[in-house]
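Note sheet for the following structure.
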Amino acid sequence: MVLWLYVHFPALQLDSLFCDGHYPVAIVNRQKGELLQVNKEARQQGIRIGMGLGSAAALCADLQVFPYDQKLEKQRLQRIAQWLYLFTADIALDPPNGLFIRVSHMLSLYTSVTHFWQTLQDALQRVQVGYQYAFAYSPSAAKLLAGHAINQLTDDASVIQKQIALCDLSKTPLSVKLQDKLKRIGIHKVGDLLQLALPDIAKRFDIELVTFVGQLNGQLKQVLEFYHPPEQFKHHLELLFEVSNVSVLDKPLYKIYVLLQRFLNLRGKLAQTLLIELHLRDEASQFVKVTAGQGEASADKWLALSKLTLESVRLNAPVVALTLEAQSLINHAFERNDLFAGQQNSMSPQELIAQLQAKLGDKQVTQLQLVDDHRPELCSRLCPPDFSVTPKGYEHKLVPALRPSFLLAQAQPLHEKVEILHGPERINTGWWDQHVVIRDYFIARTEQGRWLWIYRTPQQNWYVHGLFS
Amino acid sequence: MNKLIEYLENKQLVWHGAYKKPQITTSSSGYHELDSQLEGGFAATGVIEILSDIAIGELRLLLPSLLKQNTQQKFWIFIAAPACVNAQMLVKQGFDLNKVLFIQPTTQQEILWAAELCLKSGCCCSVLMWPHKALDVHQIKRLQLACEKGNSRTFILRQQRTESISLPFDLSLSLKANESGLLAKVNKRRYAWPSEYFAINMQAHWPELVKQNTLKQALHNVIEFPFAREII
């Protein structure tokens with residue numbers, strides 16, 4: 001028989017809210033208006049699950065209320081599964097708030113069920129979500145027991161059987177109509193139901209009950225789709241308060257960065273770009289891109305980079321939630337440093353460039369590149385920093401005679417009196433790509449002693465193109 | 001009485017006859033007139049101000065020392081240059097383009113921020129910056145600390161001084177155009193006296209960018225042999 005574990009998260013949405021202080025918080029069903037999840041502070045005020053919103057508000061005036069969002073819980077469940085996948089292989093999601101875990105196959109890795117559960121418990125603790133669990137010899141039995149908050153570590157079949165027998169019918173997934181029918185014939189507990197033979201049940205009741213009983217005692221197989229983790233990091237965080245000051249976002253962001261760091265370190269990867277989606281109140285989301293040229297994993301470094309980037313971000317409306325997605329993951333290539341190389345750099349070139357880019361913008365930080373072209377404005381080009389733009393040696397062939405230190409972005413008409421000292425150097429090219437250049441270049445000196453690189457067009461117009469600074 | 005002397009000393013108003021100059025490591029600027037004036041060339045770390053018109057040769061004056069300083073494959077950084085630096089010229093001079101960063105911040109605040117970050121990062125040897133506006137004493141002090149931390153130096157190039165107060169530069173030079181190169185004047189130098197204008201001949205490095213007819217004049221212009229003083 002295969003041993004199964006079911007982990008049930010009774011307050012998944014509540015636990016995944018970003019909660020800074022101690023406030024009574026509750027999750028409420030929008031349609032029925034009844035409370036589904038309440039936190040410790042709310043419970044102390046006398047608020048219970050299943051209460052109406054009105055009576056809850058009467059008990060506690062400053063109760064924070066959020067509508068229940070099943071999609072949110074599903075996402076969160078996905079992430080928990082992703083995390084647990086590092087410790088156990090066979091996980092099946094039971095949306096919105098449960099996980100089936102097949103234990104038996106993992107026992108060849110872990111010495112015993114106790115060991116297995118200890119490892120898993122450690123992992124679950126780090127997710128910081130409240131949970132209930134139960135072990136049983138079929139998935140649906142484990143789920144049924146977890147719903148009763150059995151929370152007992154055992155692989156003794158007879159103990160489990162007794163616990164199942166004591167379960168109440170109202171906690172089973174059976175329809176209310178069916179439960180009523182069973183009550184009428186004197187069946188109140190699951191134990192009474194299991195005493196009946198399966199063929200007898202099939203004769204009197206419909207297929208729903210047959211599958212339930214069959215799956216409960218393991219006679220019918222339950223089809224489960226096991227979870228396969230995606231190789232990407234995406235995290236969504238609801239904020240408890242609306243944030244209109246960007247610097248306040250650092251704290252919740254850091255929380256996500258710590259998760260990111262763990263994700264990356266375990267896989268030996270680095271993230272190059274993070275896309276932060278700021279969900280705004282009543283407005284379209286704002287996107288912020290943070291880049292670290294050569295990849296980065298550390299939470300502190302990412303925080304420093306995002307701080308710089310966020311400085312220049314202006315919010316159109318208060319932020320209510322954050323989504324962080326790591327894009328373009330690369331493998332971690334370890335850098336070798338010489339132990340005896342004297343003064344060590346406090347920062348690597350990649351870090352420096354990442355910081356500059358984060359604060360000033362990608363386009364402001366550039367490298368120079370030499371292109372094989374005779375037109376001066378095309379030959380020297382700005383490009384994003386890459387460190388391998390121009391291979392060595394290749395460049396020397398491309399350099400003609402004397403060239404100015406500065407090239408003006410746009411050639412300026414020559415207005416002053418100059419003395420021509422060198423020239424002409426004719427450049428006549430580009431007839432093939434719509435950018436024809438016919439120019440005679442001269443080196444000239446003004447009366448003030450400034451050295452200019454000027455050219456004459458065939459129309460006898462004179463322009464200044466460069467400065468010999 | 002003692003307190004008064006202490007106070008004056010703190011204000012750096014008392015000159016000690018027995019004061020020893022701290023050892024400053026310098027590297028040759030590539031122009032011997034400048035080297036002899038600066039006793040060895042530009043210091044390896046510090047904040048250096050260059051007051052000069054654009055295009056008279058101020059950058060050409062610095063290029064040889066920029067090249068010479070970079071022995072450890074560090075970055076040369078150009079911040080807020082008045083126009084785009086020409087890659088062809090840099091390559092011709094022997095610069096490795098992979099080690100040149102060209103940064104164009106928009107505000108004065110960002111220029112100073114970028115300069116400070118680069119200087120203290122430890123992976124830059126020289127930063128050349130062209131600030132837009134007047135500078136403040138504390139800004140120069142911050143740059144100096146960053147230079148010390150990162151073992152780097154920065155050249156601040158501007159056309160004229162706009163501040164009324166004197167700024168704590170390690171070295172301040174004024175440059176003027178001259179037919180054979182440049183006329184330079186040391187406005188201020190740490191642990192040394194300012195100078196008058198002296199000629200720097202750029203013929204050796206930039207033979208094309210010197211007026212040819214000045215060669216004859218140069219003969220009349222007696223230039224002190226750099227080692228002459230030591231021999232006597």
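Protein sequences appear in the order of chains U and V.
According to UniProt numbering, the first sequence is numbered sequentially starting from 1.
According to UniProt numbering, the second sequence is numbered sequentially starting from 1.
Ideal Cβ positions, reconstructed from N, Cα and C, are used throughout, including at glycine.
Within 8 Å, strictly: CB atoms of residue i and residue j
i                     : j                     : result
residue 137 (chain U) : residue 146 (chain U) : no
residue 385 (chain U) : residue 366 (chain U) : yes
residue 236 (chain U) : residue 317 (chain U) : no
residue 119 (chain V) : residue 150 (chain V) : yes
residue 170 (chain V) : residue 77 (chain V)  : no
residue 24 (chain U)  : residue 63 (chain U)  : yes
residue 188 (chain U) : residue 174 (chain U) : no
residue 191 (chain U) : residue 1 (chain U)   : no
residue 315 (chain U) : residue 286 (chain U) : yes
residue 354 (chain U) : residue 309 (chain U) : no
residue 140 (chain U) : residue 215 (chain U) : yes
residue 193 (chain U) : residue 223 (chain U) : no
residue 52 (chain U)  : residue 34 (chain U)  : yes
Bridge-paired residues (DSSP) for residue i
i                     : result
residue 133 (chain V) : BP columns for residue 133 (chain V) are empty, so no partner.
residue 15 (chain V)  : Note: residue 15 (chain V) sits in no beta bridge, so no partner.
residue 110 (chain U) : None, per the DSSP bridge assignment.
residue 279 (chain U) : U:321
residue 124 (chain V) : V:75
residue 85 (chain V)  : U:406
residue 457 (chain U) : Partner(s): none; residue 457 (chain U) has no beta bridge.
residue 296 (chain U) : U:271
residue 100 (chain U) : U:6 and U:92
residue 238 (chain U) : U:17 and U:321
residue 52 (chain U)  : U:34
Extent of the continuous alpha helix (DSSP H) to which residue i belongs
i                     : result
residue 23 (chain U)  : First-last for residue 23 (chain U): undefined, no H or E at that position.
residue 43 (chain U)  : 40 to 44
residue 263 (chain U) : 250 to 267
residue 10 (chain V)  : 2 to 10
residue 350 (chain U) : 349 to 360
residue 192 (chain U) : 190 to 195
residue 146 (chain U) : 139 to 147
Residue range of the unbroken beta strand (DSSP E) whose run includes residue i
i                     : result
residue 383 (chain U) : 380 to 383
residue 204 (chain U) : Not the beta strand (DSSP E): residue 204 (chain U) falls in the alpha helix (DSSP H), residues 198 to 204.
residue 413 (chain U) : 406 to 413
residue 211 (chain U) : Segment 207 to 216 is the alpha helix (DSSP H) holding residue 211 (chain U); no beta strand (DSSP E) there.
residue 184 (chain V) : 181 to 189
residue 428 (chain U) : 418 to 429
residue 67 (chain U)  : 64 to 67
residue 45 (chain V)  : No beta strand (DSSP E) holds residue 45 (chain V); DSSP gives it neither H nor E.
residue 177 (chain U) : No beta strand (DSSP E) contains residue 177 (chain U), which is instead part of the alpha helix (DSSP H) from 176 to 184.
residue 32 (chain V)  : Unbroken run through residue 32 (chain V) is the alpha helix (DSSP H), 32 to 37; no beta strand (DSSP E).
residue 462 (chain U) : 462 to 467
Chain U contacts made by the segment 33 to 59 of chain V, where a contact means CB separation under 8 Å: 53, 54, 55, 56, 57, 58 and 59
The segment 154 to 163 of chain V / the segment 120 to 136 of chain V touching (three or more Cβ pairs under 8 Å): yes
Where the segment 451 to 469 of chain U meets chain V: residues whose CB sits under 8 Å from a CB there: 451, 452, 466, 467, 468 and 469
Cβ pair count under 8 Å reaching 3, the segment 89 to 98 of chain V against the segment 30 to 46 of chain V: In short, these stretches do not touch, since the Cβ pair count stays below three.
Segment contact flag, the segment 244 to 253 of chain U with the segment 302 to 315 of chain U, C-beta cutoff 8 Å, min 3 pairs: yes
Cβ pair count under 8 Å reaching 3, the segment 425 to 443 of chain U against the segment 20 to 35 of chain V: No, the segment 425 to 443 of chain U does not touch the segment 20 to 35 of chain V.
Cβ-based contacts, 9 Å cut-off: residues of the segment 110 to 137 of chain V near chain U: 110, 113, 114, 117, 118, 120, 121, 122, 123 and 124
Near-chain V residues of the segment 288 to 303 of chain U - C-beta to any C-beta below 8 Å: none
Cβ contact (3+ pairs, closer than 8 Å) linking the segment 170 to 183 of chain U and the segment 101 to 114 of chain U: no
Interfacial residues, the segment 72 to 104 of chain V to chain U, with Cβ spacing under 8 Å: 75, 81, 82, 83, 84, 85, 86, 87, 88, 89, 90, 91, 92, 96, 97, 98, 100, 101, 102, 103 and 104
Chain-ordered residues of the segment 403 to 417 of chain U with a beta carbon less than 8 Å from chain V: 403, 404, 405, 406, 407, 408 and 409
The segment 95 to 105 of chain V touching the segment 159 to 168 of chain V, judged by at least three CB pairs closer than 8 Å: no
Near-chain V residues of the segment 352 to 374 of chain U (beta-carbon distance less than 8 Å), N- to C-terminal order: 352, 353, 355, 356, 359, 360, 364, 365, 366, 367, 368, 369 and 370
Touch test, the segment 193 to 207 of chain U against the segment 280 to 300 of chain U, Cβ-Cβ under 8 Å, three pairs minimum: no
Stretch-stretch touch, CB-based, cutoff 8 Å, three pairs: the segment 51 to 67 of chain U with the segment 75 to 89 of chain U: no
Chain U contacts made by the segment 173 to 200 of chain V, where a contact means CB separation under 8 Å: Along the segment 173 to 200 of chain V, the positions whose C-beta sits under 8 Å from a C-beta of chain U are 176, 177, 178 and 179, read in chain order.
Contact between the segment 402 to 417 of chain U and the segment 440 to 456 of chain U (3+ Cβ pairs under 8 Å): Contact check between the segment 402 to 417 of chain U and the segment 440 to 456 of chain U: three or more CB pairs, one atom from each, fall below 8 Å, which counts as touching.
Sufficient close CB pairs (3 or more, under 8 Å) joining the segment 55 to 72 of chain V to the segment 26 to 35 of chain V: yes
Touch test, the segment 119 to 133 of chain U against the segment 206 to 217 of chain U, Cβ-Cβ under 8 Å, three pairs minimum: no
Three-pair Cβ contact test at 8 Å for the segment 5 to 19 of chain V versus the segment 44 to 58 of chain V: no
Chain-ordered residues of the segment 428 to 449 of chain U with a beta carbon less than 9 Å from chain V: Taking 9 Å as the Cβ-Cβ cut-off, the segment 428 to 449 of chain U approaches chain V at 443, 445, 446, 448 and 449, given in chain order.
Residues in the segment 152 to 172 of chain V having any Cβ partner in chain U nearer than 8 Å: none
The segment 38 to 51 of chain U contacting the segment 152 to 169 of chain U, beta-carbon criterion three pairs below 8 Å: no
Contact between the segment 181 to 201 of chain V and the segment 431 to 444 of chain U (3+ Cβ pairs under 8 Å): no
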